[in-house]
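K.L.:
Just dropping this structure here.
Protein chains in written order, with the working numbering: chain A, 1 to 145; chain B, 146 to 281.
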């Protein structure tokens, strides 16, 4: 527990990627699409929707979930819980480094429940957002064997 | 929003999700898990149909909060539990997710806690869904 994985290379947030993601969730909020609207709110570029942080964190948490030493059967994994804690919103132009940490792993009723935290920071070390992901691997705990 | 009180409700919204939305979300998010677009695979692993990405549902539910706030950067924390999948049939009607929200606590620093309810066919698809926001 408490295992922390090496930080990823920086993910550079593109303006068109932000717009693509906002369009994919059907969200027309001008802050996500329109540079002038985002700047009028005080941001340097278009703002990413809140759950976009998961897209960046996904690789980091997968790295943890796929750790062979954890012995999870990834074909039976479901997303159980998700939490975001923001210091500020992600904006286009950010270069974010993801650091994944295993917070907890426990066996409940034959399922393995894994809690992974991913901290997204700028390359200079400024905290932007922390994502906490709980995944449930059904029927994989040893006690169920 | 100095008039926000405990019990203040956020404008509710409904979100329609079709297979097209799931394919587009898969591409934009990078989550190509087969259960979200391959019906044959979804049924083979015991699901009733293709199901929406939990993160898609979480993104839609957030809109009730961010549309209310205007500035999405006023969202400080956001958490949900995924309690029930949203099946999405291969038709034009899609599946409709209904989301409502209510202020349940006023916090120091002009902040508030909002509890969200998201349902599909009358059953909750998110559990313990809440947000902490900085009020405008």
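Cβ coordinates follow ideal geometry from the N, Cα and C atoms, glycine included.
Residue 240(B) lies in the beta strand (DSSP E); which residues open and close that run?
P.N.:
Residues 240-252.
K.L.:
For a test of the three-state rule: what should DSSP assign to residue 53(A), helix, strand or coil?
P.N.:
Correct three-state label for residue 53(A): helix.
K.L.:
What's the C-alpha gap between residue 54(A) and residue 218(B)?
P.N.:
The alpha-carbon atoms of residue 54(A) and residue 218(B) are separated by roughly 16 Å.
K.L.:
If we ignore side chains and look at the alpha-carbon of each, how far apart do residue 155(B) and residue 210(B) end up?
P.N.:
Going by the C-alpha atoms only, they are around 7 Å apart.
K.L.:
Can you find the residues in the same chain that come closer than 8 Å, C-beta to C-beta, to residue 188(B), ignoring five residues on each side of it along the sequence?
P.N.:
Closer than 8 Å at Cβ, skipping near neighbours: 194.
K.L.:
Since residue 83(A) sits in a beta bridge, which residues does DSSP pair it with?
P.N.:
Partner(s): 132(A), 224(B).
K.L.:
In chain order, which alpha helix (DSSP H) runs of at least 4 residues are fully inside the stretch 24-48 of chain A?
P.N.:
Here the runs fully enclosed are 30-33, 35-40.
K.L.:
Applying the criterion that 16 or more other CB atoms from any shown protein chain within 10 Å of the CB defines a buried residue, is residue 125(A) buried or exposed?
P.N.:
By the 10 Å Cβ count, residue 125(A) comes out exposed.
K.L.:
Please report the straight-line C-alpha distance between residue 117(A) and residue 6(A), rounded to a whole angstrom.
P.N.:
Rounded to whole angstroms, residue 117(A) to residue 6(A) spans 13 Å at the Cα level.
K.L.:
Does the structure place the stretch 232-246 of chain B close enough to the stretch 83-94 of chain A that three or more beta carbon pairs sit under 8 Å?
P.N.:
Output reads no: the stretch 232-246 of chain B does not touch the stretch 83-94 of chain A.
K.L.:
Just checking, does the stretch 23-32 of chain A make contact with the stretch 202-209 of chain B on the three C-beta pairs under 8 Å criterion?
P.N.:
Short answer: they touch.
K.L.:
Closer than 8 Å, CB to CB, is residue 68(A) near chain B or not?
P.N.:
Chain B contact via Cβ: absent.
K.L.:
In the DSSP output, which residue or residues are listed as bridge partners for residue 111(A)?
P.N.:
DSSP output for residue 111(A) lists 108(A) as bridge partner(s).
K.L.:
Is the distance from the Cβ of residue 47(A) to the Cβ of residue 15(A) below 8 Å?
P.N.:
Not closer than 8 Å, so no.
K.L.:
Please report how far the alpha carbon of residue 49(A) lies from the alpha carbon of residue 106(A), in whole angstroms.
P.N.:
C-alpha separation (whole angstroms): 32 Å.
K.L.:
Suppose the cutoff is 7 Å on Cβ atoms and the five residues either side in sequence are ignored; what does the same chain contact list for residue 275(B) look like?
P.N.:
Same-chain partners within the cutoff: 224, 258, 259, 260, 261.
K.L.:
Quick check on residue 103(A) - is its C-beta less than 8 Å from some C-beta in chain B?
P.N.:
Chain B contact via Cβ: absent.
K.L.:
Can you tell which of 184(B), 227(B), 153(B) has its C-alpha closest to the C-alpha of residue 234(B)?
P.N.:
Comparing Cα positions, the closest option is 184(B).
K.L.:
What separation, rounded to the nearest whole angstrom, lies between the Cα atoms of residue 237(B) and residue 163(B)?
P.N.:
One C-alpha to the other measures close to 7 Å.
K.L.:
What residue does the alpha helix (DSSP H) around residue 5(A) start on, and which one ends it?
P.N.:
That residue, residue 5(A), is in no alpha helix (DSSP H); it is neither H nor E in DSSP.
K.L.:
DSSP three-state label for residue 119(A), please.
P.N.:
Three-state DSSP puts residue 119(A) in a strand.
K.L.:
Mind pulling the chain B residues with CB within less than 9 Å of residue 41(A)?
P.N.:
Result: 215, 216, 217, 218.
K.L.:
Applying the 10 Å Cβ sphere with the 16-neighbour rule, what's the burial state of residue 52(A)?
P.N.:
When all chains shown are included, residue 52(A) counts as buried.
K.L.:
Expressed to the nearest angstrom, what Euclidean distance is found between the alpha-carbon atoms of residue 84(A) and residue 270(B)?
P.N.:
Near 18 Å, if we compare the C-alpha coordinates of residue 270(B) and residue 84(A).
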